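So the protein lines, in turn, are chains A and B. Just so you know, we're using the working numbering here: the first sequence kicks off at 14 and counts up by one. Just so you know, we're using the working numbering here: the second sequence kicks off at 98 and counts up by one.
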Amino acid sequence: MPKVSYIEASGVQHIVDVGEQLSLMEGAVLNDVEGIVGLCGGICSCATCHCYIDDEWAAKLPTPSEGELTMLERAYDRRPNSRLGCQIAVTEMLDGLVVRLPAHQSND
Amino acid sequence: MVHFDPYDHATHDDPYPIYRELRDKAPVYYSETYKLWVLSRYDDCSRAVRDFKSFCNKYGVAIDEAKEQMPTVLTVDPPDHTRLRHLIAGMFTPDAVKPLEDSVRVMARELLAPHLESGRMDVIGDFAARLPMAIICRLLGFQREDEDKLRHWTDLVVQRDEAATEMPQHAITATLALYEYFEKDMAERARHPVKDDLVAHLMASEKEGKLSHAEVLGYLYILSIAGNETTTKLIGNMTYQLNKNRSELDLLLKDRSLLPSAVEETMRYDGPTQLMGRSLARDVEFHGQTLKAGDRAILLFMSANRDDRHYADPDRYDIRRNPRDHLGFGGGLHACLGAALARLEAKVAMEEILDAMPDFAVDEGGLSRMHSPSVRGYTHVPVQFTPSARAAHPSEGGRLA
């Protein structure tokens, strides 16, 4: 199972196994990673699974859809490497992925 | 003492004063009558929907006892829930439902057209009750001529009398009729080329071993019911609120770009789904009270949405508020799967109503309400408006041309 490292804004790191095809949002929520909310349940409609993807990994991800970019406009502290976790499916290729989390999600 | 009864008809007329009392005086309320906890504050409901390991769904989400139910995304927990939801979640993002916008608009116009010359219609019976089922049938690939039959069954499934606290016989009969319809539809498909719709997708997934046949039936059942009545009630509630809050209606008539925000505000202020049930998988503490493993609890989403600890001036209907963090669609892993579609349908439906009858006025004497412990909204919203001749040419002169 791919391992994903979620790093909270506080610096707390969670290294968890995420089942293949689960989203980064689900990987966080199922493993009690506090910094991801996932209010809309993964239909790209709330921007509360906002995360930052390290550069070395960003290129390995599918580019964000128009809908994801629209939702990201609502995200707190958006940066160039911002993504919505619910729109990224975890695969073996992403084993070792590092995901950083913002200090707040937009509904905190 | 605060007394809250989700079955009480008088409460359905205006639950908000009782919701406020619950939040202020009894945020962890226990109903001796129904043997369940009631959480009513925003922070508490929000915490509960996120804490799916404590607040589980596997014993159902309705207050009354469900019968003849197949497993659905609403009644399973992870990991089964994740597996089921994943199968079709990608088909319900805003991007994925956007291509349906033209169909929704065409159907909305078809439904409005016959009434425009008369200057009166029932927003629920003539319009909002029909539109969502038409879209669901399209998504599921069901025949249009079956819409009325399917809607009749799904209505019976949710209909409750005041005293009923368990699934009544008419609802069980309708549930079985729906399963039979789904089975026939799937059997029929075996004789024809593969279609590209949700049913075909679920059948292919069953073949690949990703879900059981009972889960396919459960999925079709929940998709037929969940998006039907709630979307109908949302359009009705929005029509009612805009009529009641004329200055907000004027704002919307001047600036249609406020429509999505107005839909969000309606979901916050007067969303149809009042509550969802959960069962406690382990002990949790709220405000010094322990909810024990095995207890039942309901999360009062519509009370949470009026919590002044979370929203400024919560009892004001403000279409510019655009509150995307409301719990009108629930929240967390079990949040409404069809929310983006509901938003789209409500937006287009209201847009077409505003275009066709900008001076509509609700005939309040003709309003009637449905009674359910969990869904709040009207069964009739009669409106009057200046008649127009557009009825003769429903397909002309619109943005679709």
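The beta carbon of each residue, even a glycine, is placed where N, CA and C say it ideally should be. All values derive from a computational prediction rather than experimental measurement.
Using only the alpha-carbon positions, how far apart do residue i and residue j sit?
| i | j | result |
| --- | --- | --- |
| B/Ser-471 | B/Asp-252 | 14 Å |
| B/Leu-295 | B/Arg-235 | 9 Å |
| B/Pro-103 | B/Val-220 | 26 Å |
| A/Val-42 | A/Ile-49 | 7 Å |
| A/Leu-90 | A/Pro-115 | Note on residue identity: the sequence assigns Asp, not Leu, to residue 90 of chain A. Approximately 7 Å, taken between the alpha carbons. |
| B/His-298 | B/Met-204 | 24 Å |
| B/Pro-484 | A/Arg-92 | 52 Å |
| B/Asp-130 | A/Gly-24 | The amino acid at residue 130 of chain B is misidentified as Asp; the sequence shows Thr. Rounded to the nearest angstrom, the two C-alpha atoms are 48 Å apart. |
| B/Pro-491 | B/Ala-453 | For B/Pro-491, the pLDDT reaches just 48, beneath the cut-off of 50, and the residue's location in the model is therefore unreliable, leaving the point undetermined. |
| B/Ala-287 | B/Met-300 | 10 Å |
| A/Leu-97 | A/Glu-69 | 17 Å |
| B/Leu-396 | B/Ala-390 | 16 Å |
| B/Ala-401 | B/Ile-160 | 18 Å |
| A/Val-46 | B/Lys-150 | 13 Å |
| B/Gly-324 | B/Gly-435 | 7 Å |
| B/Asp-405 | B/Thr-179 | 34 Å |
| B/Ala-488 | B/Ser-215 | Caution is warranted here: a pLDDT of 48 is assigned to B/Ala-488, below 50, making its placement in the model unreliable, and the coordinate value is therefore given only provisionally. Distance between the alpha carbons of B/Ala-488 and B/Ser-215 is about 9 Å. |
| B/Lys-304 | A/Cys-59 | 33 Å |
| B/Leu-372 | B/Phe-398 | 5 Å |
| B/Glu-242 | B/Met-230 | 11 Å |
| B/Met-167 | B/Ile-322 | 13 Å |
| B/Thr-272 | B/Asn-342 | 39 Å |
| B/Tyr-156 | B/Thr-169 | 11 Å |
| A/Gly-54 | B/Val-255 | 24 Å |
| A/Ser-95 | B/Asp-110 | 45 Å |
| B/Ala-394 | B/Val-146 | 12 Å |
| B/Thr-476 | B/Gln-338 | 15 Å |
Hey, quick one: how far does the beta strand (DSSP E) through residue i stretch, first residue to last?
| i | result |
| --- | --- |
| A/Ser-18 | 16 to 20 |
| B/Tyr-276 | From DSSP, B/Tyr-276 is part of no beta strand (DSSP E) but of the alpha helix (DSSP H) over 266 to 286. |
| B/Tyr-126 | 125 to 128 |
| B/Val-217 | The amino acid occupying residue 217 of chain B in the given sequence is Arg; Val does not appear at that position. Where B/Arg-217 is concerned, the enclosing beta strand (DSSP E) stretches over 217 to 219. |
| B/Glu-382 | 381 to 383 |
Of all the CB atoms in chain B, is at least one closer than 8 Å to the CB of residue i?
| i | result |
| --- | --- |
| A/Arg-87 | yes |
| A/Ser-58 | yes |
| A/Gly-80 | yes |
| A/Val-46 | no |
| A/Gln-26 | no |
| A/Val-42 | yes |
| A/Glu-105 | no |
Can you list, in chain order, the residues of its chain with a C-beta nearer than 7 Å to that of residue i? Leave out the 5 residues immediately preceding and following it.
| i | result |
| --- | --- |
| B/Arg-227 | Leu-208 |
| B/Asp-422 | none |
| B/Phe-279 | Leu-314, Leu-317 |
| B/Ala-190 | Residue identity check: residue 190 of chain B is Thr in the sequence provided, not Ala. Once the five neighbours on either side are set aside, the close Cβ partners of B/Thr-190 are Ala-437. |
| B/Ser-128 | Phe-101, Val-135 |
| A/Ala-102 | Gln-34, Ser-36 |
| A/Gly-40 | Val-17, Val-29, Val-31, Val-103 |
| B/Pro-455 | Leu-350 |
Does any C-beta atom of chain A lie closer than 8 Å to the C-beta of residue i?
| i | result |
| --- | --- |
| B/Pro-191 | yes |
| B/Phe-152 | no |
| B/Ala-186 | yes |
| B/Val-369 | For the record, residue 369 of chain B in the displayed sequence is Pro; it is not Val. Taking Cβ atoms only, chain A never reaches closer than 8 Å to B/Pro-369, which makes this a no. |
| B/Ala-437 | yes |
| B/Pro-484 | no |
| B/Pro-175 | yes |
| B/Arg-147 | yes |
Applying a beta-carbon distance threshold of less than 8 Å, which residues of chain A neighbour residue i?
| i | result |
| --- | --- |
| B/Leu-434 | Gly-54, Ile-56 |
| B/His-298 | What B/His-298 touches in chain A: nothing, since even the nearest Cβ is about 15 Å away. |
| B/Glu-431 | According to the sequence shown, residue 431 of chain B is His rather than Glu. Within chain A, the residues near B/His-431 are Gly-54. |
So, for residue i: in the same chain, excluding its five sequence neighbours on each side, which residues have a beta-carbon less than 8 Å away from its beta-carbon?
| i | result |
| --- | --- |
| B/Asn-419 | Pro-357, Ser-358, Glu-361, Glu-362 |
| B/Cys-153 | Asp-174, Arg-375, Ser-376, Leu-377, Ala-378 |
| B/Tyr-139 | Ala-401, Asn-402, Asp-404, Arg-406, His-407, Tyr-408, Leu-424 |
Just curious, the alpha helix (DSSP H) that residue i is in, first and last residue?
| i | result |
| --- | --- |
| A/Gly-64 | One point to set straight first is that residue 64 of chain A is Cys, not Gly, in the sequence displayed. Here A/Cys-64 belongs to no alpha helix (DSSP H); instead the beta strand (DSSP E) covers 63 to 66. |
| B/Arg-417 | That residue, B/Arg-417, is in no alpha helix (DSSP H); it is neither H nor E in DSSP. |
| B/Gln-338 | 310 to 341 |
| B/Ser-400 | 398 to 401 |
| B/Tyr-139 | 139 to 147 |
| B/His-109 | 106 to 110 |
| B/Tyr-113 | 113 to 122 |
Since residue i meets chain A, which of its residues come closer than 7 Å, beta carbon to beta carbon?
| i | result |
| --- | --- |
| B/Gly-428 | Leu-52 |
| B/Arg-421 | Cys-59, Arg-87 |
Among residues of its own chain, excluding the 5 on either side of residue i, which ones have a beta-carbon nearer than 6 Å to its beta-carbon?
| i | result |
| --- | --- |
| B/Leu-184 | Ser-302 |
| B/Lys-122 | Val-99 |
Mind listing the chain B neighbours of residue i? Cutoff is C-beta to C-beta under 7 Å, in chain order.
| i | result |
| --- | --- |
| A/Glu-39 | Thr-179 |
Just the chain B side, please: which residues come within less than 8 Å of residue i by C-beta, in chain order?
| i | result |
| --- | --- |
| A/Leu-35 | Thr-179, His-183 |
Against chain D, with Cβ distances strictly below 8 Å, would residue i count as a contact?
| i | result |
| --- | --- |
| B/Asp-121 | Included in the structure are the protein chains A and B, with no chain D among them. |
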